[in-house]
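Trainee:
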Amino acid sequence: MTDNPKRANIILFGESGVGKSSLVNMIAGRDCAKTSDDATGCTFASIPYNVDLPGHRLRIWDTAGLNQGAQARTDFKTAVGNIYTLTRKLEGVNLLVYCIRPSRITDNMVRNYNMFRAFCSGKVDIVLVITAMENSLDEGAWWTKNVAAYERAGIKVLDHACVSTLRLEGKDEDYGAWRTKVQDMITTRYLRAPWVVEKDGWLVLAVTKLIEVTFDGPSNRSRQLYEGLRTIGHSKKNAREAARKYDASCHQGAKRGRSAPLVCRDEPAKLTMSLSRSS
């Protein structure tokens, strides 16, 4: 499928099993995405779906987030390859849609939010869709009760929708209302002019953030950065130099009494410039 810049690119992300594919079908008004209760996918694996709504031409990218446990570490190289593919296909991003279930806030939930926010340098708005609300008597009350906890965890969104993506007997009217709620939120909130960034810089930014949320310790992260850059085609020399600079920047920050991840978040742009000059 070739990318069409006239379509607004909507990245839908979240852990496996939260109902992303069912949400795609709800938004599209047809069954275009395969659904599975135990759906799995390596981080940043993404499937695009063209969706046409009145006055809006969308491309929704059903994208796998980080899943709980050690699987994220074992699939790291595959995830890097997925990032490479996604950043090459996308011609900008118009909106991020975070899909979750109404459960307690976990570290992994926060990591996913931070990783995808960083994927777009914090320049693209994020909206939240809370699924599995079919048994809730008052979806609005649930959000009012929980919004403060999400904000304390650092999950701050422009808008939200509490819905059920299930087609349940006797709830056709509710399903239609939920679908309209999500469609209206997306078409109202997406950027009319997409956020666009130079692709190599975007790639390094995303890989670096993936490393920071997946691996502990700056030295370990620099090793993984080396492996990640080699995976996507950089020479040993360039990858080694980028990893060395990343490691050095983290150690310098530690000497100043600052945490390594906070210092290293600013490094992707510098690393990208270094790699570009070396290419």
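Counted the way this note's numbering counts, the sequence shown spans residues 1 to 279.
Each residue gets a CB set at the ideal place from its N, CA and C atoms; glycine is no exception.
Judging by CA-CA distance, which residue of 16, 23, 109 and 96 is the nearest neighbour of residue 188?
Mentor: 96
Trainee: At what residue ranges does the stretch 31-57 contain a whole run of the beta strand (DSSP E), taking only runs of 3 or more?
Mentor: 46-53
Trainee: Quick check: what's the CA-CA separation for residue 198 versus residue 79?
Mentor: 20 Å
Trainee: In or out: residue 87 buried (at least 16 other Cβ within 10 Å) or exposed?
Mentor: buried
Trainee: Could you spell out the range, first to last residue, of the beta strand (DSSP E) harbouring residue 9?
Mentor: 8-14
Trainee: Quick one: is residue 135 buried, meaning 16 or more other Cβ sit within 10 Å of its Cβ, or exposed?
Mentor: Under the 10 Å beta carbon count, residue 135 is surrounded by fewer than 16 other beta carbons and is classified as exposed.
Trainee: Is the distance from the Cβ of residue 66 to the Cβ of residue 114 below 7 Å?
Mentor: no
Trainee: What are the boundary residues of the alpha helix (DSSP H) that residue 174 is part of?
Mentor: The continuous alpha helix (DSSP H) containing residue 174 extends over residues 172-189.
Trainee: For residue 19 and residue 131, I'd like the C-alpha separation in whole angstroms.
Mentor: Taking C-alpha positions only, residue 19 is separated from residue 131 by approximately 7 Å.
Trainee: Would you kindly work out how many angstroms separate the C-alpha atoms of residue 103 and residue 22, rounded to a whole number?
Mentor: Taking the straight line from one Cα to the other gives about 18 Å.
Trainee: Reducing DSSP to helix, strand and coil, say where residue 250 ends up.
Mentor: DSSP, reduced to helix, strand and coil, places residue 250 within a helical segment of the structure shown.
Trainee: Are residue 124 and residue 61 close, meaning C-beta to C-beta below 7 Å?
Mentor: no
Trainee: Can you name the residues that DSSP bridges to residue 93?
Mentor: In DSSP, residue 93 forms a bridge with 195.
Trainee: Given this structure, state the Cα-to-Cα distance separating residue 172 from residue 84, to the nearest angstrom.
Mentor: 40 Å
Trainee: Can you list, in chain order, the residues of its chain whose CB lies under 6 Å from that of residue 55, leaving out five sequence neighbours each side?
Mentor: none
Trainee: What is the DSSP secondary structure of residue 100, reduced to helix, strand or coil?
Mentor: In this structure, DSSP gives residue 100 an extended state, which the three-state scheme calls strand.
Trainee: Using the beta-carbon count (16 or more within 10 Å), is residue 238 buried or exposed?
Mentor: buried
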